[in-house]
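Notes to accompany the following structure.
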Amino acid sequence: MTSMPASLLHFNNKTHRLMYKKSLRDIVCKKGADMRTHPHLIKQTIDPRLINEINKRTQSNSEKLSNSDKLTYINDNYCEITRNYTSFYGMNMLSIVLFLPIVILCFASVLFFIYDITFNFERYLDTWRYRADSELMLHIAYCAIFFMSFVFAAILNYFIFAPRHYPIRFNRKTGKVYICDYILNDMSHKSTYTFWWHYPFYKHTKPEYKEYDWEQIQGIAFFAQNRHSSYSTIRCIVYESLDSTNIIDTFNLITTESAIDALHMTNHKLWLWINSFMNFDDEFLEKSINTAPGIWGREVNWPEDMNKKSMLSSMDEYIL
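When we follow this note's numbering, the leftmost residue of the sequence shown carries the number 1073, and every step to the right adds one.
And the structure:
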């Protein structure tokens, strides 16, 4: 069995930024000769030797593999992990505080403009007669404000109706994975413009629920940084089939500050934990439950059909 990757870091004395010391190719496997640009995390299960290696690198003495406090439910058929991030709630609250006054001001400005035209129509005509250029610019400005008010209202709507967390269910008896994603999570990867049409400000947004085979999914580790922060992410790539190189979807599994991930190996622990669970290797898995996966937000209600399928105990039941 391949040994765990070392998450060695070093500090640049000049910039004090955390940088990875080892290349990703030291910690990943490849999927086919034509997939050199897509390094995948190894799908492997935990054993005592790997636990000892993790303990040495994280300076701990745990006998079980941690689930990084992401496990919200587990039984012999399936487990559910959360992808709640503290930054999500802070961003939601900040966005509501920021966009709510903007939306109110935009709509109030447009209503005042319409009111002024309606009850001072003669003055409005005189203004057009003597200052047509200025009045035209004013109309263009109010049209822009009117349009932006709908855009800001839709964004505000998104943050107000955000779910409490973003769970994923892994059913090892059927080999299926069920994902709850919110509509803007991957907005940059999807049809940005259709969002405003399908989810206007007066219609609350809805999570997206997806189902894939575990064999279709591969994990990729990313590291990113800017002047203010750095973080590491495991993003799951969904392929069309086990042998295909066509990507049909992607979703985030876990994102952690790079310093925390380097110190505690949070991301790799969760990836190993999920792989071990799906391989029916429970002996060395910590099964402590996170009973409060979210601070605030809408409760997550899985679609009835998907909820039933995610709990099945055999592939025969799934086919029926």
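Ideal placement from N, C-alpha and C gives every residue a C-beta, glycine not left out.
Secondary structure note for A1334: its alpha helix (DSSP H) is the uninterrupted segment S1330 to H1336.
Counting along the chain, the unbroken beta strand (DSSP E) around T1144 starts and ends at L1143 to I1146. The alpha carbon of S1221 has as its nearest neighbour, out of N1351, S1181, M1337 and N1124, the alpha carbon of S1181.
Take the alpha-carbon of G1247 and the one of S1385: they are about 10 Å apart. For the set A1204, D1148, F1218 and G1291, the Cα lying nearest the Cα of F1352 is the one of D1148. For the pair of segments examined, the segment 1355-1374 was found to touch the segment 1234-1252: the number of CB pairs separated by less than 8 Å reaches three. Only residues of its own chain outside the window of five on either side were considered, and among them S1221 have a CB closer than 7 Å to the CB of F1179, listed in chain order. Around the C-beta of F1224, 16 or more other C-beta atoms lie within 10 Å, and the residue is accordingly described as buried.
For E1194, the uninterrupted alpha helix (DSSP H) run begins and ends at F1193 to Y1202, by DSSP.
For R1299, there is no enclosing beta strand (DSSP E), since its DSSP letter is neither H nor E. Two segments are said to touch when three or more pairs of C-beta atoms, one from each, lie closer than 8 Å; by this definition the segment 1328-1345 does not touch the segment 1206-1216. Within the model, the alpha-carbon separation for S1134 versus P1120 is close to 11 Å. The criterion of a C-beta distance shorter than 8 Å is not satisfied by L1166 and F1356.
Counting C-beta atoms within 10 angstroms of its own C-beta, E1389 has fewer than 16 neighbours from the protein chains shown and is therefore classed as exposed. Judged by DSSP in its simplified three-state form, L1137 adopts strand. Counting along the chain, the unbroken beta strand (DSSP E) around Y1284 starts and ends at E1280 to D1285.
With distances taken between CA atoms, L1183 lies nearest to F1218 out of D1205, R1195, N1192 and F1218.
According to the DSSP assignment, D1353 belongs to no alpha helix (DSSP H), since it is labelled neither H nor E.
With a threshold of 16 other beta carbon atoms within 10 Å, F1191 falls short and is exposed. Secondary structure note for I1153: its beta strand (DSSP E) is the uninterrupted segment Y1150 to I1153. Put simply, the backbone Cα of P1365 is about 18 Å away from that of Y1281.
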